[in-house]
Amino acid sequence: MVFLLYHDPFLILQPPKQTGALPLDMAADSIDDMYEGCRSEAASVIDLYGVFEWHFNRNFSFAWALAERRAKKPVHKHLKEEHAIVLDIYTQCKHVQQHFDKAVRTGEKKYSTYGFKFHYFYFYLTDAIQLLLHNQTSCRVTYHRTWKQFNHIVINTNIRFGAFILAASAKQSFDLNGNVSCFEI
Numbered sequence: 002m003v004f005l006l007y008h009d010p011f012l013i014l015q016p017p018k019q020t021g022a023l024p025l026d027m028a029a030d031s032i033d034d035m036y037e038g039c040r041s042e043a044a045s046v047i048d049l050y051g052v053f054e055w056h057f058n059r060n061f062s063f064a065w066a067l068a069e070r071r072a073k074k075p076v077h078k079h080l081k082e083e084h085a086i087v088l089d090i091y092t093q094c095k096h097v098q099q100h101f102d103k104a105v106r107t108g109e110k111k112y113s114t115y116g117f118k119f120h121y122f123y124f125y126l127t128d129a130i131q132l133l134l135h136n137q138t139s140c141r142v143t144y145h146r147t148w149k150q151f152n153h154i155v156i157n158t159n160i161r162f163g164a165f166i167l168a169a170s171a172k173q174s175f176d177l178n179g180n181v182s183c184f185e186i
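Here the working numbering runs 1 ahead of the position in the sequence shown, where the first position is 1.
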């Protein structure tokens, strides 16, 4: 396996080619499980999924091994090491993030089967976000930027992105994530 790292300060980033505008809707085919009423039951069996997914998903296991060394020890009293590793993978490993987001965006029918390959990852990412939000005392305006084109402007309407997203507190943040669409959340 060869890794080639290329750094060119004059490299111009181009947005990925789009085949068409995406709809702004409720993402009916996406997974939307927050483990309401069954979190403790899910937590008790999720490690079995982790072993299975770690062994059969090479990208996931490779990213996990890297993140285990890189992730910081959680400072939040309720976060475990697994939460920190999953947060690190989601924010630092674009290829895993893209595969995961696609699986979540289209996985509603596969979610209750072994066809969905990210149960462990999904549980710990969902759980980490819920634990961090539990101590949040106020709402903040955040922004999500993307290279994706959406088919129309929607104001004051409920939509779902259908996957986890990265958002920032400033409109200019995450410029490399896109300049085609910007959502105020």
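All residues carry an ideal CB built from backbone N, CA and C; glycine is no exception.
Which two residues bound the contiguous beta strand (DSSP E) that contains S182?
For this step, residue 182 is matched to residue 181 along the sequence shown. Residues 182 to 185.
Just tell me which of Y144, R146, V105 has its CA closest to the CA of I32.
The residue you call residue 32 lines up with position 31 of the sequence shown. Of Y144, R146, V105, the residue nearest in Cα terms is V105.
Could you check where the beta strand (DSSP E) with R146 kicks off and where it finishes?
Counting from one through the sequence shown, the residue named residue 146 turns up at place 145. It spans 144 to 147 - the beta strand (DSSP E) in which R146 sits, taken as one unbroken run.
Please report the distance separating the alpha-carbon of D30 from that of S139.
On the sequence shown, position 29 is the one that residue 30 refers to. On the sequence shown, position 138 is the one that residue 139 refers to. The alpha-carbon atoms of D30 and S139 are separated by roughly 31 Å.
Which residue's Cα is closest to the Cα of Y91: K110, G108, R71?
Here the question's residue 91 lines up with position 90 in the sequence shown. If we check each option's Cα against that of Y91, R71 comes out closest.
Can you name the residues that DSSP bridges to L23?
Here residue 23 refers to the residue found at position 22 of the sequence shown. According to the DSSP secondary-structure assignment, L23 is paired through a beta bridge with F151.
Which parts of the region 53 to 118 are runs of the alpha helix (DSSP H), unbroken and 4 residues or longer, counting only runs that do not cross its ends?
59 to 71, 82 to 93, 95 to 107
Have a look at the DSSP bridge pairing and note the partners of A29.
Translated into positions along the sequence shown, residue 29 becomes position 28. None, per the DSSP bridge assignment.
Could you tell me how far apart the beta carbons of N87 and Y125 are, in whole angstroms, since I believe they sit closer than 8 Å?
In the sequence shown, counting from the first residue as 1, residue 87 sits at position 86. In the sequence shown, counting from the first residue as 1, residue 125 sits at position 124. At residue 87 the sequence reads Val, which differs from the Asn that was named. Between Y125 and V87 the Cβ distance is about 4 Å, and since that is below 8 Å, they are a contact.
Leaving aside the five residues before and after Y121 along the sequence, list all residues of the same chain whose C-beta is less than 7 Å from its C-beta, in chain order.
Taking the sequence shown and counting its residues from 1, one reaches residue 121 at position 120. Excluding positions up to five away in sequence, the list reads I47, Y50, G51, E54.
Please state whether DSSP places Y50 in a helix, a strand or coil.
By 1-based counting over the sequence shown, the position of residue 50 is 49. Helix, per DSSP.
Pull up the distance between the alpha-carbon of V181 and that of T147, whole angstroms please.
The residue you call residue 181 lines up with position 180 of the sequence shown. The residue you call residue 147 lines up with position 146 of the sequence shown. In a straight line, the C-alpha of V181 is about 6 Å away from that of T147.
May I ask you to report which of helix, strand or coil DSSP gives A43?
For the purposes of this step, residue 43 is identified with residue 42 of the sequence shown, where counting begins at 1. It is helical.
What residue does the alpha helix (DSSP H) around F1 start on, and which one ends it?
For residue 1 there is no data in the structure shown, the boundaries of the chain being 2 and 186.
So, at 6 Å on beta carbons, what are the nonlocal neighbours of S62 in its own chain, with the 5 sequence-adjacent residues on each side left out?
Reading the sequence shown from its first residue, position 61 is the one you call residue 62. Here the set comprises W55.
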